[in-house]
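Residue numbers (our numbering): 419 to 627.
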């Protein structure tokens, strides 16, 4: 039986280990398990490319019994009251064979700061920006909330080429995934549409589209 693959918001106990706190920041030590069609997986995959980690962090997109079985073993090794469900994205330690974390914000932060050594590519995003992106990613958000979020983001992109300034950061991976939703992009304004075209031309984003 193929196990259920769930995003981080599923009611599954979440391993919350951190690279640099019990797990050394060593190249080629870590492996990511992702799922096709999962927005959080796309965020992580885009960040890996943006941070230049594609050659030092392995990735597996769950696609068959072997990949599911490998992820199951990593959850069992983590010892977090494994209940049969497999949550992704999952960052795994190949040395111990266990899941380190399936908490996407921690994974993104550790990839940028601990593995890539590029905290400049993962600066804190303004609260208003984060709230707007969250509203776009939330399928239960009311239409008025999504419209307000798009208006705020349209104003931001009118005065800067990327989410937080003059170059792409991990925050752009979040907004990029939100805008790829076919229910969101048609309602976006001209600055957001130009932003999407700009990201499509960037290797890290175009390859993950």
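C-beta: ideal position from N, C-alpha, C; glycine also.
Fair warning: this is a prediction, and the values are worked out from it, not measured in the lab.
Opposing strand residues paired with residue i [DSSP bridges]
i	result
residue 436	439 and 440
residue 510	449 and 517
residue 476	449
Residue i and residue j closer than 8 Å at C-beta
i	j	result
residue 468	residue 555	no
residue 433	residue 517	yes
residue 509	residue 466	no
residue 476	residue 450	yes
residue 525	residue 507	yes
residue 617	residue 590	yes
residue 547	residue 574	yes
residue 603	residue 614	yes
residue 490	residue 504	yes
residue 485	residue 446	no
Candidates the options, of which the one nearest residue i by Cα
i	options	result
residue 567	558, 579, 552 and 557	552
residue 545	473, 571 and 557	571
residue 444	509, 528, 451 and 533	533
residue 488	543, 512 and 613	512
residue 549	535, 598 and 569	569
Buried/exposed call for residue i, threshold 16 Cβ in 10 Å
i	result
residue 593	buried
residue 435	buried
residue 521	buried
residue 586	buried
residue 619	exposed
residue 578	exposed
residue 430	A caution first: residue 430 carries a pLDDT of 48, below 50, which makes its placement in the model too unreliable to give a value.
residue 459	buried
residue 519	buried
Any C-beta of chain D under 8 Å from that of residue i
i	result
residue 620	The structure shown contains no chain D, having only a single protein chain.
Length at least 4, wholly inside the segment 522 to 554: the alpha helix (DSSP H) runs in chain order
522 to 527
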